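Numbering (the numbering used here), first residue to last: 266 to 519. See structure below.
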């Protein structure tokens, strides 16, 4: 594989570097050529570092290509899971959002929001901001099965189960791997933080803006005249934390 060959090349260059440094310090300190040898070592050191940098930079596009392909695969898998052709033939898990989509995908269940996400604490419905999480419907595909048994593990046979909020669950008997086992090896090779990347794909799928919100965001983005510079985003959590700490104005965070 390309990554393996370049990694071996990098190791060989590092070995050459250490060999060179080792030899440079084995000479007699009274040798008049000490200064010239030190200069040579410095030049060789700089050259090898430059070579290593080129190897690393040449891998950036490869890493990005692999991760983009993998992200597309995960998105298609989640879409197939969340938008089945026939909801009546799907096992369902009823819950809220990111954590639940993570559990549902591991259990091969379609996630349905309780009451289709119409009863939120935030003054709006889920679909006021985001796309529907699934083509399945709470009233049609969940309500006939009430009351729902609680979700326990991936082997549970109940057609429709309820996963309560993480703060209510306690020690859930079944917790999926931070990264699916079938993706772990490839992610370790191409990303420095596989769990963060994978959970990012889950959240990215869940938080797809609806057309109305997307149009507004594009309009706002256009006013910033953003170039190719790097930007840092700050997420100020102002939901359940309201009951845990005094209110702080946004300017204080900035």
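Beta carbons are placed, not taken as given, at the ideal position from N, Cα and C, and that holds for glycine. Owing to the predicted nature of the structure, the values given are computational and were not obtained by experimental measurement.
Backbone CA spacing between residue i and residue j [nearest angstrom]
{"i": "residue 392", "j": "residue 417", "result": "29 Å"}
{"i": "residue 329", "j": "residue 457", "result": "12 Å"}
{"i": "residue 509", "j": "residue 327", "result": "44 Å"}
{"i": "residue 425", "j": "residue 448", "result": "28 Å"}
{"i": "residue 359", "j": "residue 375", "result": "8 Å"}
{"i": "residue 498", "j": "residue 410", "result": "42 Å"}
{"i": "residue 390", "j": "residue 325", "result": "40 Å"}
{"i": "residue 489", "j": "residue 478", "result": "17 Å"}
{"i": "residue 511", "j": "residue 388", "result": "21 Å"}
{"i": "residue 483", "j": "residue 514", "result": "26 Å"}
{"i": "residue 401", "j": "residue 492", "result": "40 Å"}
{"i": "residue 399", "j": "residue 348", "result": "5 Å"}
{"i": "residue 468", "j": "residue 454", "result": "22 Å"}
{"i": "residue 405", "j": "residue 445", "result": "32 Å"}
{"i": "residue 334", "j": "residue 383", "result": "34 Å"}
{"i": "residue 298", "j": "residue 331", "result": "Note that residue 298 scores a pLDDT of 49, beneath 50, so its modelled location is shaky; the value from the coordinates is reported in the next line. Computed Cα separation, rounded: 50 Å."}
Contact belief for residue i with residue j at Cβ below 8 Å, rounded distance in angstroms
{"i": "residue 560", "j": "residue 370", "result": "Because the chain spans 266 through 519 in this model, residue 560 falls outside it and cannot be assessed."}
{"i": "residue 403", "j": "residue 362", "result": "That belief does not hold up - the Cβ atoms of residue 403 and residue 362 are roughly 14 Å apart, past 8 Å."}
Which listed residue (the options) has its alpha carbon closest to that of residue i
{"i": "residue 466", "options": "491, 399, 364 and 406", "result": "364"}
{"i": "residue 355", "options": "422, 388, 396 and 475", "result": "422"}
{"i": "residue 472", "options": "502, 454 and 395", "result": "395"}
{"i": "residue 427", "options": "443, 442, 445 and 407", "result": "407"}
{"i": "residue 366", "options": "463, 501 and 452", "result": "463"}
{"i": "residue 379", "options": "429, 441 and 485", "result": "429"}
{"i": "residue 336", "options": "476, 501 and 459", "result": "459"}
{"i": "residue 415", "options": "357, 443, 474 and 501", "result": "357"}
Reduced DSSP category for residue i - H, G, I as helix; E, B as strand; rest coil
{"i": "residue 474", "result": "strand"}
{"i": "residue 327", "result": "helix"}
{"i": "residue 447", "result": "helix"}
{"i": "residue 415", "result": "strand"}
{"i": "residue 497", "result": "coil"}
{"i": "residue 389", "result": "coil"}
Residue i: CB within 7 Å of a non-hydrogen atom of the ligand NAD
{"i": "residue 353", "result": "In the structure shown, the ligand NAD is absent, as is every other ligand, since no ligand is present at all."}
Quiz prompt | Completely contained beta strand (DSSP E) runs for the region 339-366, where each covers 3 or more residues | solution = 357-360
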